Structures are given as structure tokens and as C-alpha cells.
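Engineer: Numbering (the working numbering), first residue to last: 12 to 704.
First the structure, which I've put down as C-alpha cells, then a few questions once you've had a look.
The following block contains the structure:
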């Protein structure tokens, strides 16, 4: 019987009508044979545990009877009415897979009707059996969002191993049990080479946990090198890489569930072109939170920590206006105050009571008002993700609001160590318990705790670690009013929308968070993170070209990080002594930062109000022709462009720069007003950046 074909814009797909397996996939723009060997084709895979004594009961799509096939002009549908499991025999589970051609994409719609007595725990769909690198490519990598940047995993010619050898039969990549595991925090996944790639992304903004999974079979030829065998077979077994989005769905007996659709699309270009596919889809439904008026202009912050669980008691509330006065003197617009709560940073969570050892409630409220009178905004550090396990509050009450595992126990996070040997050696660290954002009791607690910030009349909060619920991904406590196996990331935005309804909340109150994943930027108007890495990929900035992103500046002559802020339009968060100091503690960093902000204020049409395009539409090379990084292009509203080119090294370098459209003529450094012609090359001093117009 001939294979079934589906023309899906960027992809030509082939299916085996006898098994429903995807046996061929070709990128039409380039001819990349993504799935090369039909005999390795796959369709889907289920895990249906029988009980706790027989959990690993897989159902393989390729082991089923022939499906009923329906063919339409732009779709193929495969139906298996009843399936054969590996360890429990025939199960009354109906699997319907519909693959539709939508524009340039092939979209998988998977429906599970579970009439068996068991839970369908996970579903692999779509399931690619033989992902092959493009011909002539030097490498193939996975590319995924992680903490405002990108995480890349080698897939070929080496294959990075994430799971311990004790855990799996084959080298496996599954992210980690955290925010970078999959949707919704990581709603897409790229498999890419230097010049092309395959995009996989969810096509529904639900909260379902969809994790991204790669697997190398049968394994390495040389484990010490993590090397993928070069031949098609080794030890008589086919060498191949499998890829699947894994839906952690927990479909109960008697229930039917339509899984989150998953789109595949081939593209030409670098990671930016792959991310553009996601952006085009997201922009069709997502909004972006509007920051307060003061945060829409070029500005900078100071973060200062005044107490921890080990009781430094660094600064009394009445002294805070002195910090604000220094900020006002240097044009720093906001203070993020950390450790003001009872017990200090990361103790007593989720309590947001003030610490009486630092002063009275009235002194804290007056200090905030005095800072505001100086023109400095006060943003209070806050935390709602976890509860402190060491408190009686948790042991007696909040334990019932905790995210629960399948065995009825709560998850616990390792916590953070502060200052003393006992903590730094992890002896007396406060352990943190993730709370369920569907628990009515916990939502009431959160509203009451947030109201304490509102009553202080602060200018906003920075929700630390809003980006994850580690190590929890799903909650199994149905007394919270949700399904068994509820995805704990589902209500991250709704949690903030709930707080926004707090009586007395100021209209200009800023909701800021730490390393907000992309969907959270609907609720948060600023995202703070740390990006100390010469190879930092500005993924959040690329996804949100005009969003407010802020990064930490800790070095005492931190020119490179200041330059990174210019290049990636990051707000400066001044943090001497790892956010334990004052602005005057590092004058070199402060003065250079002020010059950088003055430069982007003067040329804000590009550097602040323009659209960030990363390296797209421009090229920068050393005088010998080698590529130079990093750099970024900004496009103003009138279509003209500017480049920011950084030199992170300790010696000067010379480069040439070009635009695909337009002509560059002059450049200057951050700390010099002198414009120079680019003819003959652009000279970038050591640890400096240039603006090129």
C-alpha cells in the first residue's frame, strides 16, 4: 500500500496507512530530509500504569492494529479504537490523531477517550522516529528558553545526556524538573543547525504541561565523548534520534481529553527565524502588561538587601531615605528593597509582615513616603511561590495548601543558603514548600499578605521566583478543587490578575517579577534577571522587543555588563556587594552606567523606543573577515537602523559593520562624544561598546 502524503506548507509528510506512523518528513525550502528511514517511523506512545506495582505499562502506536484512516484535502486522520498495552493487554482506549496542514505548519490534534479502568498518564504526540541532521551541517542542537535566555543541547555529532545512566536505557534529554521542562514556560522547541531548523510549538495557550523529549538509540559509540555513532547501524541496531512533545495529561477512567495541539514547521535561518514563528502565533492572542509612566522612560534601579535568615540587620527602616537621597542624586529611579519582611529574605514565607527589629510599621511606611518625596520609587521584594517548612504556620495550616505528589506528600525545594558556615554548608537552610495556586485557602492567604504591601503604599512589588514552582510540575491534591495531576503553572498569570483586584491598589502599582517566562509578561510589566555571561542569548528581549527587562550589575568596574545593557536594552539594577551595598561603593561602575543611560536617552529613537532585532539585518566582522560577536541592531519607527557593537575583551579590536538595508557612516563610544567615520574600520577599545549610525 502506498504511503499517504500531506503537503503542509514548509513540510512534506508521509505516513504509513497500515500503522499511522510518520515515515517521512522533508523541509520543502531546503530539501532537508528530516526523517530519513521509513522503517523507523513512529505515531504515538502512551503510558498507562496499572497500579503502583506495575507502573511502566507503555502502549506503542507502532504495535497496534491498522487504524481507520480518513483523508481530506488538508488533513489526515487516524483512529485506533482500542489499544494493546505491553503489560496489561487490550485496553478500551480510543486514540484519534488528526494532522492538519495550516499555512506553513503541520499541526497534530490528539484526542484520547479513556474507557479503561486506568489513568492515561502521558502521551507522546507527535512522535518522530529518525531525526536526521541536515546534509552538510557541522552540528545539530536543541534550543529552548531558560531564565530569560536560551539553553542549547547538543544533539549531533555529540548528544548531551541529561538523565543519569541509572535512570534510562538510552541517552535522554528531558530538560530538568523545572521551568525549562516544557510548556507553558517553554512553549516551543527548536531543532536547528547553522542555517535551518525545525520548529515545534504548542498551538493553544492552555496550561497543560507539554515537555520536550529527545532520545538517542541505541546509545553512544564512545561514551567518553558523548558521541553519536557515524554509521546507520551499530551492534546490529539502527542508530537514530527520537523526538516528541510529551503531554503529562493524567486522563482519568471514563474521561476524554483533547491534548494541546502541537505545530511543526521547517524554517531557514538562525534561531531568530525559528523564534519568529512563535512570535507570529503568540501575537495573535497575547497582550503585554503596560508599565507605570515612570518605567516607560530610560531609568535605572538599585537593589539593596537589609536582612537574611541569619540576621544581618543591615539597615533600619528610618535609614532607607538616605539610600534614596543618594539614588536621587545620581538619577536612579527606583529601589528594590529586599529582606524588609520578618525574618529576612527567604524566611517565614509567605509572610509579608515587617521585621520589627528594623523599626516599627509606621517607620517603614514613613520611609517609603520619604523616598517617594525624593522622586525615588520603592519596590518591595515579595515571594508567594513557597512556604517555609520550618514554621508552625506551615506545619499546622499551610501544609494543606501545598502542591501534593501522587503519594500524598508535599514537594520540597532545597532553599537558599545565606552568610554563615552553617547555611553555606547547607546544614540549617530553610526548606521551601511549593504552594498550590488553585488552593482556595492559599489564595486567601496570598491576598491577605499582598494587602500588607498595598497598605504600605509602596510603588510596586518584585515577585521573586515567580518563574517556577520547583520542583513541582503537577498537583495531585484534588481537595484544592482541581483535577488529579493539575499543572501548577496554569494559573501564574491569573494569580497576578487576582492581586490586581486588591482594594486600595494604586493604578500605577508596578507588578515586576524574576525572569518572567514569555506568557507571564501579560501580567508583569518588568522582568528582572542576571545575565553575567559573554555568550548570553537575549531570548526574552527578542521575544518582547520593547518589554522592560532588567539585569544585575555587581562588578566594581563592570563596563561589560553596562555595555550589555545598552546592546540588549536592559534596565540597570545596581547591586554592589551582591546587592548589599550603596551606590557610592562602586563609583567606576556608577559613572559608566550614567554615561550609558545618557547615550540611550539621547538616541532613544533607536536604543529605547526602536525595535530590537538582535543580529538580524546586519553583519559585523573583524578586519580579517572572521565574524565578530556580540552586536545588535535596532530599528527606529522611520525604518532607519543603528548598531551597538560590544568588545568584552581586555584589548582593543577593529571591525567592519554592514546593514542589509541602509548605510552606516559614523560611530562613537559610550564614554566619548566624538563621532568618527567608519571608513577603514570601527575601533572598539577594550571593554567598551560603540553606537554606529
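Every residue, glycine too, gets a C-beta built ideally from N, C-alpha and C.
Values in this document were obtained by computation on a predicted structure and should not be read as measured data.
I need the straight-line Cα distance from residue 467 to residue 269, nearest angstrom please.
Structural biologist: Answer to the nearest angstrom: the Cα atoms are 46 angstroms apart.
Engineer: How many whole angstroms separate the CB atoms of residue 211 and residue 38, which I take to be in contact at a CB cut-off of 8 angstroms?
Structural biologist: Not a contact, Cβ separation roughly 13 angstroms.
Engineer: On a Cα-Cα basis, can you pick out the residue from 633, 661 and 575 that is closest to residue 625?
Structural biologist: Of 633, 661 and 575, the residue nearest in Cα terms is 575.
Engineer: How is residue 22 classed by DSSP in three states: helix, strand or coil?
Structural biologist: If DSSP states are grouped into helix, strand and coil, residue 22 belongs with the strands.
Engineer: Which of the three DSSP states is assigned to residue 503 in this structure?
Structural biologist: Residue 503 falls in the helix class under three-state DSSP.
Engineer: Alpha carbon to alpha carbon, what distance is there between residue 600 and residue 188?
Structural biologist: For residue 188, the predicted model reports a pLDDT of 45, less than 50, meaning its position is unreliable and no value from the coordinates is stated.
Engineer: May I ask you to report which of helix, strand or coil DSSP gives residue 31?
Structural biologist: DSSP places residue 31 in coil when its eight states are reduced to three.
Engineer: Using the Cα positions of residue 106 and residue 135, report the straight-line distance between them to the nearest angstrom.
Structural biologist: So the alpha carbons of these two residues sit roughly 12 angstroms apart.
Engineer: Any idea what DSSP makes of residue 133, helix, strand or coil?
Structural biologist: Looking at residue 133 - three-state DSSP - the assignment turns out to be strand.
Engineer: Go through the segment 183-244 residue by residue and report every complete run of the beta strand (DSSP E) that reaches 3 residues or more, in order.
Structural biologist: Correct list: 199-203, 207-213 and 221-228.
Engineer: Taking a contact to mean a Cβ-Cβ separation below 8 angstroms, would you say residue 158 touches residue 540 in this structure?
Structural biologist: In this structure, residue 540 lies closer than 8 angstroms to residue 158 by Cβ.
Engineer: Kindly list the residues whose CB is nearer than 6 angstroms to the CB of residue 640, restricted to its own chain and excluding five residues on each side of it in sequence; keep chain order.
Structural biologist: Contacts found: none.
Engineer: Can you give me the Cβ contacts of residue 548 inside the same chain, cut-off strictly under 6 angstroms, excluding the 5 residues immediately before and after it?
Structural biologist: Excluding sequence neighbours, residue 548 sits near 160 and 161.
Engineer: Using a Cβ-Cβ cutoff of less than 8 angstroms, which residues in the same chain neighbour residue 240 once the five nearest sequence positions on both sides are dropped?
Structural biologist: Result list for residue 240: 231, 232 and 250, in chain order.
Engineer: Output the boundary residues of the alpha helix (DSSP H) element that contains residue 380.
Structural biologist: From DSSP, the alpha helix (DSSP H) with residue 380 extends over 372-384.
Engineer: Under a Cβ-count criterion, where at least 16 other Cβ atoms within 10 Å of its own Cβ denotes burial, should residue 332 be classed as buried or exposed?
Structural biologist: With 16 or more other Cβ atoms within 10 Å, it is buried.
Engineer: Going straight from the alpha carbon of residue 356 to that of residue 262, what length do you get?
Structural biologist: Using only the alpha carbons, I get a separation of about 40 angstroms.
Engineer: Who are the Cβ neighbours of residue 510 in its own chain at under 6 angstroms, not counting the five residues just before and after it?
Structural biologist: Closer than 6 angstroms at Cβ, skipping near neighbours: 461.
Engineer: Nearest by alpha-carbon distance to residue 664: which of 174, 653, 696 and 650 is it?
Structural biologist: Cα-wise, what sits closest to residue 664 is 696.
Engineer: Using a threshold of 7 angstroms, is the CB atom of residue 396 nearer than that to any non-hydrogen atom of the ligand SAH?
Structural biologist: Ligands displayed in this structure: none; no statement on the ligand SAH is therefore possible.
Engineer: Report, in whole angstroms, the separation of the C-beta atoms of residue 550 and residue 156, which I expect to be a contact under 8 angstroms.
Structural biologist: Right, their Cβ atoms sit about 6 angstroms apart.
Engineer: Please classify residue 72: does DSSP put it in a helix, a strand, or coil?
Structural biologist: If DSSP states are grouped into helix, strand and coil, residue 72 belongs with the helices.
Engineer: So, are the CB atoms of residue 244 and residue 181 less than 8 angstroms apart?
Structural biologist: In this structure, residue 181 does not lie closer than 8 angstroms to residue 244 by Cβ.
Engineer: Closer than 8 angstroms is the cut-off here; do at least three beta carbon pairs connect the segment 339-359 with the segment 301-313?
Structural biologist: Counting Cβ pairs under 8 angstroms, three or more are found: they touch.
Engineer: Can you tell me where the beta strand (DSSP E) with residue 337 in it begins and where it stops?
Structural biologist: Run containing residue 337: none in the beta strand (DSSP E); it sits in the alpha helix (DSSP H), 331-340.
Engineer: From 568, 543, 533 and 571, pick the residue whose C-alpha is nearest to that of residue 559; which is it?
Structural biologist: Among 568, 543, 533 and 571, the Cα nearest to that of residue 559 is on 533.
Engineer: By how many angstroms is the C-alpha of residue 179 removed from the C-alpha of residue 190?
Structural biologist: At residue 190, the pLDDT of 49 sits below 50, so the modelled position is not reliable; the number obtained from the coordinates is stated separately. Those two C-alpha atoms are separated by around 22 angstroms.
Engineer: Does the beta-carbon distance from residue 447 to residue 410 come in below 8 angstroms?
Structural biologist: Contact flag unset, no.
Engineer: Are the CB atoms of residue 662 and residue 628 nearer to each other than 8 angstroms?
Structural biologist: Not a contact, by the Cβ cut-off of 8 angstroms.
Engineer: Pull up the CB-CB distance for residue 9 and residue 201, whole angstroms please, since I reckon it's below 8 angstroms.
Structural biologist: The chain is shown from 12 up to 704; residue 9 falls before or after that span and cannot be answered.
Engineer: Express the C-alpha separation of residue 145 and residue 41 in angstroms, rounding to a whole number.
Structural biologist: If I take the Cα positions, the gap works out to 9 angstroms.
Engineer: Whole angstroms are fine: how far does the CA of residue 438 sit from the CA of residue 364?
Structural biologist: Distance between the alpha carbons of residue 364 and residue 438 is about 26 angstroms.
Engineer: In angstroms with no decimal places, state the Cα-to-Cα distance between residue 104 and residue 482.
Structural biologist: Whole-angstrom Cα-Cα distance: 31 angstroms.
Engineer: Whose C-beta lies closer than 8 angstroms to the C-beta of residue 346 among residues of the same chain, with five residues either side of it excluded?
Structural biologist: For residue 346, where only same-chain residues beyond five positions count, the Cβ hits under 8 angstroms are 312, 313, 314, 315, 331, 334, 335, 338, 382, 387, 388, 389 and 390.
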